[in-house]
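For reference, the structure is listed below as structure tokens.
Protein chains in written order, with the working numbering: chain B, 377 to 860; chain D, 292 to 813; chain S, 256 to 355; chain E, 1283 to 1630; chain C, 4 to 121.
Take a look at the structure:
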């Protein structure tokens, strides 16, 4: 009976994941043992977990490691994304308490689920094995299905959860089938090994099975990042889900989708770059255009932001299509700033809403600036950043994305991108028109300015403005984090 | 770099005002007004040493340069300086700002704090755009200007303000976004380095690329100018904006477009400039005639003035694209003139609008009897706008037409001249309908004349109208070297390109010829 | 012995049936069962390929897929129950509160 | 016997058919007489005689019961889902009978020079000289147990009767709950045997002590869980006459009803056989008796224990039952696994 | 392979044939006198009220979900149990962690009251 020799396992690369899991589980247990009036502490505890995980990733910067026989890695790319995930999770937690209390939801499970979802995202970013990526994706997705339908008493939330679940599971099927075929064609599920195999076997490796596998995987990922034509779920889910979760979904998981998508395409299929660039070109154009065009006539602000988030995925795809370091760094930077600006915008949407009546209609914002000038200013900053106006992080991000495309010679793509971005200004301005240029119809006296939400807004404003004015440091980080 | 960062101080001084305003309580409107006025005056004072310290040569002066963003392939600097081209525009901006603030001293009653913040932010944007030598920095300021202007029109504007504001924003945005693409393309074509515009001047691009990039830049600038047929946002924006907005829009923002042509589009893409000169000249002339004709039938005084702006800027474009010293300096001067006289016109429209809350020509008539001071001032400004000799308008238009006549744009100049006559027709006709005749409307009989503040606002403008009309030399003197340098640069590169295309031995012949050009004007 | 191709073809057919089922059926539970069928088709593919390649990775993958499918099933059922409680239906035609 | 088919000698096929028939008839007879034995044993335990009329001491009673059921009227409720109603008893019955396929019930015998292991799903591989059986035999049995649930759920649902439905649901909830605990309980056995092959497990016990001594906790847990899984008293809630009439089979009559009963008793036999194999050393025993005899003896003893329990213990309440399964047995099995793991790795 | 699975197929066939045959046989020889009352569902002799195809307690769903989850966890333990001796102490620690995590969920479910039947 021979002993099985196991590979040396280094836990350092998955330290943040471990911390989050431990905190998540601890919170679950704490949740069932503390009386319901003390559940607010769960939020603080989960923030501690987020910060602890954040601390654990700092030391890993610039120290490439891999573990579990190459199933997970710790590289700058993964770490940068982990930072984005932690950030969006932290901001989401800040805005959750207020909302959930108002809607009368039981928050006990909320925080563990957010932590688990974040853990899943991290796994997606650091996984270098299709299996790890898949597992991360599913940990994320399953948590999100619940989070989307978290407000059980609310019909829209139910619908959002169900819809997200059905379509999400459906897309998982495609992703998996793609992974299976890729595995069949190359004989491995390790992403770097796939690349090695293709490099070694050249055209022989590029069987129909291989191409179909890549295509199916791409469509699976495209669903997760809500790229057209796989975006149909986004508006309904974003509209129906509890607002903090909408904020979370649009920031974290989308970035995670990009992380996995980028790693798979860039690392595993570098030799097929011409093929997937063409594919992404089409995806990017469709995604930007469809997202923007439909967003133009949305009255519901959550829905409008949902379509805008589709459009933003399109901009990020522009950088991806470029397939060069600028484009990739642009995606990293953009995802980071998108987390700030989008969650910030949602934080204000949460403040404006009241129980049962979320005031999500654009017209509900009439005269908001008169009543709450500072909040309106913050909202304006977020919206300008989303629209890509300087001097905000949104502009720098877009600049990088489009620069990448231009450098790679995709000038037309960049032009379509900027035209889209100009069109998108219309619907962002619309909100501002209501906030600043219409007379108030409401007193907005139901609003309670919860300190946690205000803190979130403050962080978001700083996170939008500072990188917009002095982006060097962050861009530098993003540059160092790209896989290319 | 050890010298005093005069430009930065000037540019960001209004920002300091913004910060201060944040801390002033919401209700103390008079404090807001005073503070904003004070800041803008100080800014103006700070900008005066730029003129006095300016050496009349072609160099960039008061240079400040420090690294700003450095990441990946990009290197952006905070690089500001002025030369003869931007000097006067900067001065015009700092000069117009206090006037603009004063102009809506009483007209804006609501959200005064926000209003003043917007105005001051706008000033930062405009000054920044004029002084930037780094294309990226320029772009940032260019876009930043949009936001406060959008709010000024949208919040404090007239009935149709939202439509006008959004239209203004989106028009400008579309153009500038394409410019961004071209800008990045240019950067990559130029190879490693920074966004310094002077560096880009030296880059030689193949004519086909130039065409595309010129189009992208030109679109952005042409929208801003605005050139026919991209001008449709302007009448709306002007009509709906509060007086200060209109004044700034006319006096400074539109110059941003023409300035863009002079500073960027032409020197960067000389071959394309050459190629597109006929087209632009055609559009300018169409603009002159068309705008004049449309102005003639306007019912609304403010709209009429807005269309006259379109016509005036047609002259500027014509002069600029004549690409000789007369034309260019005429164009530059016309920019200043237009800033002064159209700004003044908008102020005047603002005065009567404040009194009567209408701008329809038919609502007035015979005001001269009731308001003699007003009538006098209005007359002077109208004449200046028409370009009567002795006023500033004349010098500019004359130089433009002269320059155009001397260049290959001769026939355009001929047609453009008719615009002068048309301008006289519609301006005077309007003046006559408003000021003379029977004082029929009873509401007009109680109108009171301009008060001290209003006269005080107008006085500096009137002074300038005459000074620039009678003694324009100092203005031209300071800008000429820079303009000459520009002309040489553009022409050399145009011919250089031709030489490259043609036979190689032709090149040495061209070089001395290019060197001769400035000598002619000395 | 049955060849790899037969397995792949069977799993492709299963996958297609699942896909079509998802697209044409209206009952949420049936849709979910179709999704499960797709996952199982994938599992079959993995097993067949794993056997063909003599590489254990595919089988390990199947373990994870099964686990995930179970978790999804649990969550999915819970969501459907919540939906049914509020709406007395699990027909996806009724999932239409938020349409354009 | 030189002929071969698909690489196997003809005698393999002959012996296979023989084994199948013998086992099937054996199970059938055991099932039939288990019903008789149950009535008799419980009768005697309760100091009465049980069936006495048909045959000597009522020995023909099962046959009489069977015949009676054959002649009964078939009733299919008008609102029932006909197909599901019809198929349900078969789904319940078949897994109960085929579980025996993987259980080794005796030592390898030799017929005409060909070695035949006494296990249906097994054969002697002449190349390696070993008995080849299903290497995941235990999983097979667990899988069958799961399939059996479908029969019951379908029966309950298709009858369109509230008692049936509730009975079916309760029964399936109970079955899956205890299936879980049972499945976890036997993991500690595999940790000792390092195999899921029942042949291997039996062989392992022959070399050392029976697993019921090495894993007493697992043994008890498994046996109790199995009883619950097959709805034996004291866990026969689904058919609790006092609460739910006849549970899932309320609407059934005639042979269909009989088939549920056959399934239940067949399950009992299978469970006892599995327990024997996993914990009681299978067919091994002192050599004075042949292996199959030891096997039958052990199985019959366990069947007797089942009946004994029925006669002794009162029925559980449903909430007690579920609580017992989830809150006591489940954690116990997990603890057992960990303790076994620690002890075993400390020993080596 | 075949040697192991063929007998099972045969056994299944025998069992199915037995089942079908006895069903057919009994339905052939059994009497048939259906009536509306006889075909109605049994409700202690009362008239049946409403349909039986209605909602039932959510408890059953929860048990079903819990079963799926724990059963799948068990799936991971089976391969481990066969190999655990060869994995050495590491294997025990790993499975210990696994079971601890399982226990976290278990305690959560317990405290949430999913295991209570009232």
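Beta carbons: idealized from backbone N, C-alpha and C, even for Gly.
Consider the C-beta atom of residue 308 of chain S and the heavy atoms of the ligand FAD; say whether any pair is separated by less than 7 Å.
-> Ligands displayed in this structure: none; no statement on the ligand FAD is therefore possible.
Checklist entry - Is the beta carbon of residue 802 of chain B sitting closer than 8 Å to the one on residue 461 of chain D? => result Yes. Within cutoff.
* Asked: Does DSSP put residue 8 of chain C in a helix, a strand or coil?
  -> Residue state, collapsed to three classes: helix.
Rounded to the nearest angstrom, what separates residue 1449 of chain E and residue 1530 of chain E at their Cα positions? For residue 1449 of chain E and residue 1530 of chain E, the distance between alpha carbons rounds to 5 Å.
Original post:
Could you give the residue range of the alpha helix (DSSP H) that holds residue 601 of chain D?
Top reply: Annotation: the continuous alpha helix (DSSP H) that includes residue 601 of chain D extends over 592 to 613.
Item to check | Listed by chain order, chain B residues near residue 434 of chain D by CB distance under 7 Å | outcome: Within chain B, the residues 765, 766 have their CB atoms less than 7 Å from the CB of residue 434 of chain D, given in chain order.
Cβ atoms of residue 436 of chain D and residue 592 of chain D: under 8 Å apart, would you say? Residue 592 of chain D is not a Cβ neighbour of residue 436 of chain D, given a cutoff of 8 Å.
- prompt: What number of angstroms, rounded off, separates the C-alpha of residue 1629 of chain E from the C-alpha of residue 397 of chain B?
  reply: Cα to Cα, residue 1629 of chain E sits roughly 33 Å from residue 397 of chain B.
Exercise for review: Could you tell me which residues DSSP puts in a beta bridge with residue 355 of chain D?
Suggested key: Per DSSP, D:371.
Measuring straight from C-alpha to C-alpha, what distance separates residue 1293 of chain E and residue 1386 of chain E? In a straight line, the C-alpha of residue 1293 of chain E is about 19 Å away from that of residue 1386 of chain E.
Would residue 109 of chain C pass as an interface residue toward chain B - the criterion being a Cβ-Cβ separation below 8 Å? Using beta-carbon distances, residue 109 of chain C does not count as an interface residue toward chain B, since no partner is under 8 Å.
For residue 1331 of chain E, write down the residues that DSSP places opposite it in a beta bridge. Residue pairing for residue 1331 of chain E: DSSP places it in no beta bridge.
Closer than 7 Å by C-beta to residue 1608 of chain E: which residues in its own chain qualify, once you throw out the five before and the five after it? Chain order, please.
Close CB contacts of residue 1608 of chain E within its chain, under the 7 Å cut and outside five residues either way in sequence, are with 1459 (chain order).
| request: Would you kindly report the start and end of the unbroken alpha helix (DSSP H) that includes residue 1547 of chain E? | output: Its alpha helix (DSSP H) spans residues 1536 to 1561.
inquiry  = Please list, in chain order, the chain E residues whose beta carbon lies closer than 8 Å to that of residue 91 of chain C.
reply    = Near residue 91 of chain C (Cβ distances below 8 Å), the residues of chain E are 1627.
- Task: Anything in chain C within Cβ reach of residue 336 of chain S, meaning under 8 Å, just list it in chain order.
- Result: Those within 8 Å of residue 336 of chain S in chain C are 61, 64.
Exercise. Three-state secondary structure (DSSP) at residue 494 of chain D?
Worked result: When DSSP states are grouped into helix, strand and coil, residue 494 of chain D belongs to the coil group.
Which residues of chain C have a Cβ atom closer than 8 Å to the Cβ of residue 1623 of chain E, listed in chain order? Residues of chain C passing the Cβ test: 87, 94, 95, 98, 99.
To the nearest angstrom, how far is the alpha carbon of residue 432 of chain D from that of residue 420 of chain B?
Their Cα atoms are separated by approximately 41 Å.
C-beta atoms of residue 842 of chain D and residue 557 of chain D nearer than 8 Å: Residue 842 of chain D is absent from the structure shown; chain D starts at 292 and stops at 813.
* residue 104 of chain C at chain B interface by Cβ criterion, 8 Å -> Contact with chain B is found for residue 104 of chain C, since one of that chain's Cβ atoms lies less than 8 Å from the residue's Cβ.
Discussion item. For a cutoff of 8 Å on Cβ pairs, would you count residue 498 of chain D as touching chain B?
Written reply: Interface annotation, residue 498 of chain D: not in contact with chain B, CB-CB separation never under 8 Å.
Given residue 759 of chain D, which residues of its chain have a CB within under 6 Å of its CB, disregarding the five upstream and five downstream residues? For residue 759 of chain D, where only same-chain residues beyond five positions count, the Cβ hits under 6 Å are 683.
| task | Kindly indicate which three-state DSSP category residue 661 of chain D falls into: helix, strand or coil? | result | Helix at residue 661 of chain D.
- Query: Quick one: which chain S residues come within Cβ less than 9 Å of residue 531 of chain B?
  - Reply: Against chain S, the beta carbon of residue 531 of chain B has neighbours under 9 Å at 338, 341, 342, 352, listed in chain order.
Query - Cut-off 7 Å between Cβ atoms - residues of its own chain near residue 643 of chain B, not counting five sequence neighbours on either side - result: Same-chain partners within the cutoff: 567, 568, 571, 859.
Checklist entry - Which value, in whole angstroms, describes the spacing of the CA atoms of residue 362 of chain B and residue 767 of chain B? => result Residue 362 of chain B lies beyond the stretch modelled for chain B, which goes from 377 to 860, so this question has no answer here.
Element boundaries [alpha helix (DSSP H), containing residue 1420 of chain E]: Its alpha helix (DSSP H) spans residues 1419 to 1440.
Margin query: Please tell me whether residue 405 of chain D and residue 388 of chain D are closer than 8 Å, where the distance is taken between their beta carbons.
Written below: Between residue 405 of chain D and residue 388 of chain D, the gap from beta carbon to beta carbon reaches 8 Å or more.
Distance between residue 259 of chain S and residue 307 of chain S (C-alpha atoms, nearest Å):
Rounded to whole angstroms, residue 307 of chain S to residue 259 of chain S spans 7 Å at the Cα level.
Quick one: is residue 809 of chain B near chain D, going by C-beta distance under 8 Å? Yes, contact with chain D.
inquiry  = Using C-beta distances below 6 Å, list every residue in its chain close to residue 478 of chain B, excluding the 5 sequence neighbours before and after it, in chain order.
reply    = Result list for residue 478 of chain B: 731, in chain order.
request  = Using a Cβ-Cβ cut-off of 8 Å, state whether residue 79 of chain C counts as contacting chain E.
outcome  = Not closer than 8 Å to any Cβ of chain E, the Cβ of residue 79 of chain C fails to qualify, so no.
Check your understanding: So residue 570 of chain D is in the alpha helix (DSSP H); what residue range does that whole segment cover?
Key -> Segment 561 to 587, the alpha helix (DSSP H) holding residue 570 of chain D.
* Asked: Under the three-state reduction of DSSP, which class applies to residue 792 of chain D: helix, strand or coil?
  -> Low confidence applies to residue 792 of chain D: its pLDDT is 48, below 50, so where it sits in the model is not reliable, and the reading given next is rough at best. Annotated three-state conformation of residue 792 of chain D is helix, per DSSP.
>> Beta carbons nearer than 8 Å to chain E: which residues of the region 5 to 28 of chain C have them?
In response: Against chain E - using a Cβ distance shorter than 8 Å - the residues of the region 5 to 28 of chain C are 5, 6, 7, 8, 9, 10, 11, 13, 14, 15, 17, 18, 19, 21, 22, 23, 25, 26, 28.
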